[in-house]
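Asker: So that you can map any letter, position 199 of the sequence shown is 199 in this note's numbering, and since no number is skipped, the others follow by simple counting.
Even glycine gets a Cβ: it sits at the ideal position worked out from N, Cα and C.
Everything numeric in this text was worked out from a predicted model, so none of it was measured.
First, the structure itself, so that you have it in front of you.
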Amino acid sequence: MDTGSKMTARLMLAVGGAVLGSLQFGYNTGVINAPQKVIEDFYNLTWLNRYGEPISPATLTTLWSLSVAIFSVGGMIGSFSVGLFVNRFGRRNSMLMSNILAFVSAVLMGFSKMAFSFEMLILGRFIIGLYSGLTTGFVPMYVGEVSPTALRGALGTFHQLGIVLGILIAQVFGLDLIMGNESLWPLLLGFIFVPALLQCIILPFAPESPRFLLINRNEENKAKSVLKKLRGTTDVSSDLQEMKEESRQMMREKKVTIMELFRSPMYRQPILIAIVLQLSQQLSGINAVFYYSTSIFEKSGVEQPVYATIGSGVVNTAFTVVSLFVVERAGRRTLHLIGLAGMAGCAILMTIALTLLDQMPWMSYLSIVAIFGFVAFFEIGPGPIPWFIVAELFSQGPRPAAFAVAGLSNWTSNFIVGMGFQYIAQLCGSYVFIIFTVLLVLFFIFTYFKVPETKGRTFDEIASGFRQSGGGQSDKTPDEFHSLGADSQ
Numbered sequence: 001m002d003t004g005s006k007m008t009a010r011l012m013l014a015v016g017g018a019v020l021g022s023l024q025f026g027y028n029t030g031v032i033n034a035p036q037k038v039i040e041d042f043y044n045l046t047w048l049n050r051y052g053e054p055i056s057p058a059t060l061t062t063l064w065s066l067s068v069a070i071f072s073v074g075g076m077i078g079s080f081s082v083g084l085f086v087n088r089f090g091r092r093n094s095m096l097m098s099n100i101l102a103f104v105s106a107v108l109m110g111f112s113k114m115a116f117s118f119e120m121l122i123l124g125r126f127i128i129g130l131y132s133g134l135t136t137g138f139v140p141m142y143v144g145e146v147s148p149t150a151l152r153g154a155l156g157t158f159h160q161l162g163i164v165l166g167i168l169i170a171q172v173f174g175l176d177l178i179m180g181n182e183s184l185w186p187l188l189l190g191f192i193f194v195p196a197l198l199q200c201i202i203l204p205f206a207p208e209s210p211r212f213l214l215i216n217r218n219e220e221n222k223a224k225s226v227l228k229k230l231r232g233t234t235d236v237s238s239d240l241q242e243m244k245e246e247s248r249q250m251m252r253e254k255k256v257t258i259m260e261l262f263r264s265p266m267y268r269q270p271i272l273i274a275i276v277l278q279l280s281q282q283l284s285g286i287n288a289v290f291y292y293s294t295s296i297f298e299k300s301g302v303e304q305p306v307y308a309t310i311g312s313g314v315v316n317t318a319f320t321v322v323s324l325f326v327v328e329r330a331g332r333r334t335l336h337l338i339g340l341a342g343m344a345g346c347a348i349l350m351t352i353a354l355t356l357l358d359q360m361p362w363m364s365y366l367s368i369v370a371i372f373g374f375v376a377f378f379e380i381g382p383g384p385i386p387w388f389i390v391a392e393l394f395s396q397g398p399r400p401a402a403f404a405v406a407g408l409s410n411w412t413s414n415f416i417v418g419m420g421f422q423y424i425a426q427l428c429g430s431y432v433f434i435i436f437t438v439l440l441v442l443f444f445i446f447t448y449f450k451v452p453e454t455k456g457r458t459f460d461e462i463a464s465g466f467r468q469s470g471g472g473q474s475d476k477t478p479d480e481f482h483s484l485g486a487d488s489q
């Protein structure tokens, strides 16, 4: 009986429980934008109470920028710390433990107004950043390891779905008439307590990663029992055999440190692919589009631009669902290429529309179409794929170190875009999207020549492909090399 593509209740529980962490990450990414005005008023009032004078505009800008950016700093540190937890405590237990950070952050941010302390809010943002950084490693790793090969891509997309749903929930809750107002904004920031509590209730019923149990802990009976529940069948011999083969291969390799990823020819290419794909997500211009969207909607005569921004959040979510259904049919590499090419086309359209907006008012409608198109193409490829493909490119040994490096790349580029985009936008105006078009074309070329298709291949098959190409074997045909993503070596 073929159970490779069977979706069981226990598998859904495991993935659903884990993805609550992704939802937290998305929520905290999007939540800070809507209540900016009321939080700045709170900063001013707190300053006035302490020092007897209003806060200077420069100090207010610095405090606000710190409140936003400190989240990414926490994310960088958290993502780089993934390896410290997953091998010591296991994937599931690491996710459970990290909720302590979410609870502490919820209390700090939720009571900051009552305590008249903007320091509590900023510290809370840093701590939830740490949590989110850890989550970007824990969730894709756990989901990749519990999923059957035939469903790995579709279930891997749930991480990105959780992120965009979190952003959408934050946009809706941040509306003035819900929680984005003067009296309820602490509740808006402290709401993270709810998904953290929910995850603490669900995850104890989810199993530990069978790969971790067998390969890291050498607990074959436990791994077998977990696999039977996850796959909904008593015959799990093929899964076990694949894991044992990976374990044997891992025993031949020495312990893989972060430095070893870059030194070893075997890992150099997959780690380069992992880093560039993470950069292709953050440097694609998606954050710039969200930054620009409200002002574009205003120019287009939309009376409530915040609702149009929520509309782009709905498009975001809808196309992540589309990606979820097509990723196992079309393949990761194909979808990533389609996404990058589509985004480049929309970026050119946006540049034309923004440049001619003053002469031709109807261009504003073209810019709205370009925004929605840009977001849609992002969620088809560069949004979900970089997260879960890291789990596919590496075997069990180097996987935690690879997630740490990939996560750090993602968060660092996120931080750089967040800090630098406004200055570049002021300098370049509407031509800012030309920069992103050039980057998207470069990422397209890299993906076309270097990224292998991982659809339908086991972890060991993918890793052995890189082992062969890294080992300098040159007796392969060009087609074989292309399938390994090593055609230029």
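Would you say the beta carbon of residue 285 is closer than 7 Å to some non-hydrogen atom of the ligand ZN?
Answerer: The ligand ZN is not among the ligands present in this structure, which contains no ligands whatsoever.
Asker: Grab the span of the alpha helix (DSSP H) containing residue 47 for me, first residue to last.
Answerer: Residue 47 -> alpha helix (DSSP H) spans 36-51.
Asker: Among 86, 389, 428 and 398, which residue has its Cα nearest to the Cα of residue 328?
Answerer: Selected option, being the one with the closest Cα: 389.
Asker: Looking only at its chain, what residues have a beta carbon closer than 7 Å to the beta carbon of residue 28, apart from the 5 residues adjacent to it on each side?
Answerer: Around residue 28: 71, 128, 132 and 192.
Asker: For a minimum of 4 consecutive residues, which ranges assigned as the alpha helix (DSSP H) are wholly contained in the region 100-157?
Answerer: 118-146, all fully within the region 100-157.
Asker: Just mark residue 17 as buried or exposed, buried being the case when its beta carbon has 16 or more other beta carbons within 10 Å.
Answerer: Label assigned to residue 17: buried.
Asker: Have a look at residue 253 and residue 463 and give me their C-alpha separation to the nearest angstrom.
Answerer: Computed Cα separation, rounded: 12 Å.
Asker: Measuring CA to CA, which of 58, 189 and 80 is closest to residue 105?
Answerer: Considering only alpha carbons, the answer is 189.
Asker: Look up residue 239 in the DSSP assignment and say whether it is helix, strand or coil.
Answerer: Helix.
Asker: Put residue 460 into one of helix, strand or coil per three-state DSSP.
Answerer: The answer is helix: DSSP assigns residue 460 an H, G or I state.
Asker: Short check: CB of residue 175 to CB of residue 20, under 8 Å?
Answerer: No, the pair does not count as a contact, with Cβ atoms beyond the cut-off.
Asker: When you compare the CB positions of residue 163 and residue 172, do they come within less than 8 Å of one another, or not?
Answerer: Not closer than 8 Å, so no.
Asker: Are three or more beta carbon pairs between the region 99-114 and the region 362-376 nearer than 8 Å?
Answerer: Verdict: no, contact absent.
Asker: Given that a residue counts as buried once 16 or more other Cβ atoms are within 10 Å of its Cβ, and exposed if not, what is residue 402?
Answerer: Classification for residue 402: buried.
Asker: Between the alpha carbons of residue 346 and residue 380, how many angstroms are there, rounded?
Answerer: Approximately 14 Å between the Cα atoms of the pair.
Asker: Cα separation between residue 7 and residue 145?
Answerer: Cα to Cα, the separation comes out at about 15 Å.
Asker: Which value, in whole angstroms, describes the spacing of the CA atoms of residue 212 and residue 187?
Answerer: Each residue's Cα considered, the two are about 38 Å apart.
Asker: Does the beta carbon of residue 344 come closer than 8 Å to any beta carbon on chain E?
Answerer: Chain labels in this structure do not include chain E; a single protein chain is all it has.
Asker: Would you mind reading off the limits of the alpha helix (DSSP H) that contains residue 222?
Answerer: Looking at the DSSP string, the run of the alpha helix (DSSP H) that includes residue 222 is 220-231.
Asker: Residue 364 by DSSP, collapsed to three states: which one?
Answerer: It is helical.
Asker: Whole angstroms are fine: how far does the CA of residue 353 sit from the CA of residue 469?
Answerer: Going by the C-alpha atoms only, they are around 45 Å apart.
Asker: Starting from residue 392 and walking both ways along the alpha helix (DSSP H), at which residues does that stretch end?
Answerer: Residue 392 -> alpha helix (DSSP H) spans 385-393.
Asker: Considering only the alpha carbon of each residue, which of 393, 349, 415 and 439 lies closest to residue 370?
Answerer: Considering only alpha carbons, the answer is 349.
Asker: Measure the alpha-carbon distance for residue 523 versus residue 404 and round it to whole angstroms.
Answerer: The chain is shown only over 1 to 489; residue 523 falls outside these bounds and no answer can be derived.
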